[in-house]
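The numbering of the sequence shown is the UniProt record's numbering, which starts it at 1 and goes up by one.
By construction, the Cβ of each residue, glycine as well, lies at the ideal position given by its N, Cα and C atoms.
These numbers come from a predicted model, not from an experiment.
Everything below concerns the one structure shown next.
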Amino acid sequence: MRIGLVRGDITEERVDAVVNAANSTLLGGGGVDGAIHRRGGPEILAECRALRASRYGGGLPTGQAVATTAGRLPARWVIHTVGPVYSPTEDRSALLASCYAESLRVADELGARSVAFPAISTGVYGWPMDDGARVAVMTLRESSTTVGDIRFVLFGAEAYSTFASVLAELSLE
Ligand code: ADP
Numbered sequence: 001m002r003i004g005l006v007r008g009d010i011t012e013e014r015v016d017a018v019v020n021a022a023n024s025t026l027l028g029g030g031g032v033d034g035a036i037h038r039r040g041g042p043e044i045l046a047e048c049r050a051l052r053a054s055r056y057g058g059g060l061p062t063g064q065a066v067a068t069t070a071g072r073l074p075a076r077w078v079i080h081t082v083g084p085v086y087s088p089t090e091d092r093s094a095l096l097a098s099c100y101a102e103s104l105r106v107a108d109e110l111g112a113r114s115v116a117f118p119a120i121s122t123g124v125y126g127w128p129m130d131d132g133a134r135v136a137v138m139t140l141r142e143s144s145t146t147v148g149d150i151r152f153v154l155f156g157a158e159a160y161s162t163f164a165s166v167l168a169e170l171s172l173e
């Protein structure tokens, strides 16, 4: 498995699967979620609505992942996962790790060879970037996924440099 870093907008990545930091309603939101639905078009939302009507009547639980079409995005699938809201008093990192692990499990089921991840939970959900990057990289390293090309797509310069130092530090261990 190769882990790469890209600075930019995840909706522009040419990969088999793009991971969406969704919320449990699966009906869209701000941040990455908003960008994916805007750029990907109504087909994605239509599949999300169908998932709510069938398997996920109560919403997609935190830490789980489910795939839909990628609509007009230059990808084949969007894998929606729900990150935990950061808590300074409760350790929710197992749920954040589960988002990465479950997204890769779904990617393996689909036969995806390349997957782009955003920094899940580090936006509106408030997770500190450094810790979020650690959880992400450690979870991917422990995975037995068959996805060969994994990219973190980071929106800003600071997110990019934080991921770069965490990746360098953890691969030296
Ligand atoms: P969450 O609710 O899980 O925190 P957000 O979408 O608010 O999700 O933010 C997750 C991360 O994605 C943040 O670091 C944010 O800056 C970043 N982000 C927002 N839009 C994009 C985009 N189009 N491409 C890549 N990353 C993005």
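Inset, instruction - Could you say if the stretch 28 to 38 and the stretch 82 to 100 meet the contact criterion of at least three C-beta pairs nearer than 8 Å? - result: no
Inset, instruction - Verify whether the separation of the beta carbon atoms of V147 and S114 is less than 8 Å. - result: Within the sequence shown, numbered from 1, the residue matching residue 147 stands at position 147. Within the sequence shown, numbered from 1, the residue matching residue 114 stands at position 114. For V147 and S114, yes; Cβs fall inside 8 Å.
Inset, instruction - State the Cα-Cα distance for the pair P128 and S98, rounded to the nearest angstrom. - result: Here the question's residue 128 lines up with position 128 in the sequence shown. Here the question's residue 98 lines up with position 98 in the sequence shown. Rounded to the nearest angstrom, the two C-alpha atoms are 17 Å apart.
Legend entry - Beta-carbon spacing of A35, G123 below 8 Å: Taking the first residue of the sequence shown as 1, we reach residue 35 at position 35. Taking the first residue of the sequence shown as 1, we reach residue 123 at position 123. It is not a contact, given that the beta carbons lie outside the stated cut-off.
Legend entry - Distance, G71 Cα to P42 Cα: Taking the sequence shown and counting its residues from 1, one reaches residue 42 at position 42. Taking the sequence shown and counting its residues from 1, one reaches residue 71 at position 71. C-alpha separation (whole angstroms): 7 Å.
Inset, instruction - Confirm, please, whether the CB-CB distance from L167 to V135 is below 8 Å. - result: Looking up residue 135 in the sequence shown gives position 135. Looking up residue 167 in the sequence shown gives position 167. The Cβ-Cβ distance between V135 and L167 does not fall below 8 Å.
Inset, instruction - Out of V19, P74, G40, T62, state which residue places its alpha-carbon closest to the alpha-carbon of E150. - result: Translated into positions along the sequence shown, residue 150 becomes position 150. Correcting the residue identity first, residue 150 is Ile in this sequence and not Glu. The residue with the shortest Cα to Cα distance from I150 is V19.
Legend entry - Residue nearest to G126 in terms of C-alpha spacing, selected from F117, Y86, L26: As a first step, residue 126 must be located in the sequence shown, where it is residue number 126. Comparing C-alpha distances from G126 to each of F117, Y86, L26 shows the shortest one belongs to Y86.
Inset, instruction - In the DSSP assignment, find the alpha helix (DSSP H) that holds G4 and state where it starts and stops. - result: Sequence index remark: in the sequence shown, residue 4 carries index 4 (1-based). Premise fails: G4 lies in the beta strand (DSSP E), 2 to 7, not in any alpha helix (DSSP H).
Inset, instruction - Whole angstroms is fine: what's the gap from R2's alpha carbon to A46's? - result: For this step, residue 2 is matched to residue 2 along the sequence shown. For this step, residue 46 is matched to residue 46 along the sequence shown. Roughly 33 Å between the two C-alpha positions.
Inset, instruction - Please name the residue or residues paired with H80 in a DSSP beta bridge. - result: Counting from 1 along the sequence shown, the entry for residue 80 is found at position 80. DSSP lists N20, V66 as partners of H80.
Inset, instruction - Check whether the Cβ of A97 sits closer than 7 Å to any heavy atom of the ligand ADP, and report yes or no. - result: Looking up residue 97 in the sequence shown gives position 97. For the ligand ADP, not one heavy atom lies less than 7 Å from the Cβ of A97.
Inset, instruction - Please classify A50: is it buried, with 16 or more other beta-carbons within 10 angstroms of its beta-carbon, or exposed? - result: Within the sequence shown, the letter at position 50 stands for residue 50. A50 comes out exposed.
Inset, instruction - Measure the C-alpha to C-alpha separation of A112 and T145 and round it to an integer number of angstroms. - result: In the sequence shown, counting from the first residue as 1, residue 112 sits at position 112. In the sequence shown, counting from the first residue as 1, residue 145 sits at position 145. Approximately 10 Å between the Cα atoms of the pair.
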